[in-house]
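In what follows, a structure is listed as structure tokens, so that the remarks can point back to it.
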Amino acid sequence: MKITELYPDVITEDLNYELKTVLSQDNPLKWAKTIVRFANGEGGIIFVGVNDNRDAFGLSIEEIDKMKNLVVQINDRHIFPHAKYAFSMRSVDNDAERFILAIKVFLSDSVVRYRDGDFNETVYVKGDGYTTPASPEEIVSLSRKKHGVDNSVSDVPYDKKEWSRYLTVCGQYRKNNSLPDEKELQNEQIVSKDGYATTGLLMFKNDYNDPDSMITCRLWRGSNKAGEVLDTGRYTGPLLDVFDNALTFAAGCI
Numbered sequence: 046m047k048i049t050e051l052y053p054d055v056i057t058e059d060l061n062y063e064l065k066t067v068l069s070q071d072n073p074l075k076w077a078k079t080i081v082r083f084a085n086g087e088g089g090i091i092f093v094g095v096n097d098n099r100d101a102f103g104l105s106i107e108e109i110d111k112m113k114n115l116v117v118q119i120n121d122r123h124i125f126p127h128a129k130y131a132f133s134m135r136s137v138d139n140d141a142e143r144f145i146l147a148i149k150v151f152l153s154d155s156v157v158r159y160r161d162g163d164f165n166e167t168v169y170v171k172g173d174g175y176t177t178p179a180s181p182e183e184i185v186s187l188s189r190k191k192h193g194v195d196n197s198v199s200d201v202p203y204d205k206k207e208w209s210r211y212l213t214v215c216g217q218y219r220k221n222n223s224l225p226d227e228k229e230l231q232n233e234q235i236v237s238k239d240g241y242a243t244t245g246l247l248m249f250k251n252d253y254n255d256p257d258s259m260i261t262c263r264l265w266r267g268s269n270k271a272g273e274v275l276d277t278g279r280y281t282g283p284l285l286d287v288f289d290n291a292l293t294f295a296a297g298c299i
């Protein structure tokens with residue numbers, strides 16, 4: 046039986062569908078990165094019990110239960126924020142002894158990462174015919190798409206006293222060293238016309254402390270990531286402070 050007999054829309058693997066024979070417990074990244082990619086994209090469905098030729102051979106109920114439990118386990122331990130998904134099954138034989146497991150992954154409101162250890166997180170997106178780690182530029186674009194960081198308006202009124210560090214740095218890079226006033230920030234759409242800070246500006250607030258600004262640094266022995274980790278640093282807080290801490294960490298590694 047072909048997968049198209051059960052799911053007519055599934056002609057082949059594409060942006061929204063992926064076919065798996067089984068989900069490996071020994072190498073969960075091989076399939077879990079697809080869950081991350083679907084959550085970061087437009088959602089999608091993973092069909093388990095189907096080979097590359099689109100033959101739906103199916104799995105037993107016991108095997109299906111193991112696959113479900115494995116997905117729950119890996120999502121809980123390695124995928125952050127946790128992906129939202131739903132299971133469904135369809136029989137591939139008249140005796141209803143073997144089934145296709147469909148894992149429908151829903152689009153996430155946040156950028157989803159696969160975490161392997163405390164300081165190793167990877168964002169996965171759709172590459173040229175396969176799932177690939179996202180580049181820094183793709184992560185920024187994805188974050189903007191999901192959060193609207195550039196121009197969405199928060200409910201926090203702008204008060205220059207609460208952005209004194211940000212204004213001081215702005216002044217350092219202006220020809221006359223003057224601080225931008227509220228009107229200038231409104232013209233640049235950094236502050237709304239009615240005086241509220243945009244979500245991007247919030248990250249520069251003196252007392253900002255959400256995890257969105259986190260930068261993780263790591264010093265490895267050798268020229269690749271295969272060696273011993275000599276030092277690590279994880280910094281949160283106002284974005285300018287986070288940058289300063291990261292640069293200090295990097296300078297100490299030279």
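Every position in the sequence shown, counted from 1, becomes a number in the working numbering once 45 is added. Where is the CB? At the ideal position from N, CA and C, for every residue including glycine. Note that the coordinates shown come from a computational prediction; the quantities given were computed from them, not determined experimentally.
Item                                                                                                                                                                         : Value
Let me know the secondary structure DSSP gives E87 once reduced to three states.                                                                                             : coil
What do you reckon, are the CB atoms on K238 and P283 nearer than 8 Å?                                                                                                       : no
Looking at M259: is its Cβ nearer than 8 Å to the Cβ of Y241?                                                                                                                : no
Which parts of the segment 154-228 are runs of the alpha helix (DSSP H), unbroken and 4 residues or longer, counting only runs that do not cross its ends?                   : 181-192 and 209-217
My understanding is that N85 touches Y159, with C-beta atoms under 8 Å, so please give their C-beta distance in whole angstroms.                                             : That pair is no contact at about 11 Å.
With 16 other CB atoms within 10 Å as the buried threshold, where does G216 fall?                                                                                            : exposed
Would DSSP call L152 helix, strand or coil?                                                                                                                                  : coil
DSSP three-state call for D255: helix, strand or coil?                                                                                                                       : coil
Under 8 Å, do E50 and I91 count as touching if we go by C-beta distance?                                                                                                     : no
Helix, strand or coil, according to DSSP, for D276 in the structure here?                                                                                                    : strand
Taking only the alpha-carbon atoms, compute the straight-line gap between D71 and D54 and give it to the nearest angstrom.                                                   : 31 Å
Count the other C-beta atoms from every protein chain shown that fall within 10 angstroms of the C-beta of K171, then say buried if there are 16 or more, exposed otherwise. : buried
Kindly give me the distance between the Cβ atoms of G103 and F144, rounded to whole angstroms, as I take these residues to be in contact under 8 Å.                          : 5 Å
Around the C-beta of P73, are 16 or more other C-beta atoms found within 10 angstroms, so that it is buried, or is it exposed?                                               : buried
Spatial neighbours of L68 within its chain, please: C-beta separation below 8 Å, excluding the five flanking residues on both sides.                                         : W76, V93, M112, L115 and V116
My output table needs one value for K129: the three-state DSSP class, helix, strand or coil.                                                                                 : coil
Taking a contact to mean a Cβ-Cβ separation below 8 Å, would you say I48 touches R122 in this structure?                                                                     : no
What are the boundary residues of the beta strand (DSSP E) that I260 is part of?                                                                                             : I260 to W265
My assumption, with CB atoms under 8 Å, is that P181 sits in contact with T167. Please give the rounded CB distance.                                                         : Rounded, the Cβ-Cβ distance is 12 Å, inconsistent with contact.
Which term fits T213, buried or exposed, when burial requires 16 or more other beta carbons within 10 angstroms of its beta carbon?                                          : exposed
Relative to the C-alpha of L224, which residue among Q234, S209 and L247 is closest?                                                                                         : S209
Terminal residues of the continuous alpha helix (DSSP H) containing A141?                                                                                                    : From DSSP, A141 is part of no alpha helix (DSSP H); its letter is neither H nor E.
Can you list, in chain order, the residues of its chain whose CB lies under 6 Å from that of F83, leaving out five sequence neighbours each side?                            : G89 and V150
For the candidate residues P126, V81, I106 and I80, whose alpha-carbon lies nearest to that of D257?                                                                         : P126
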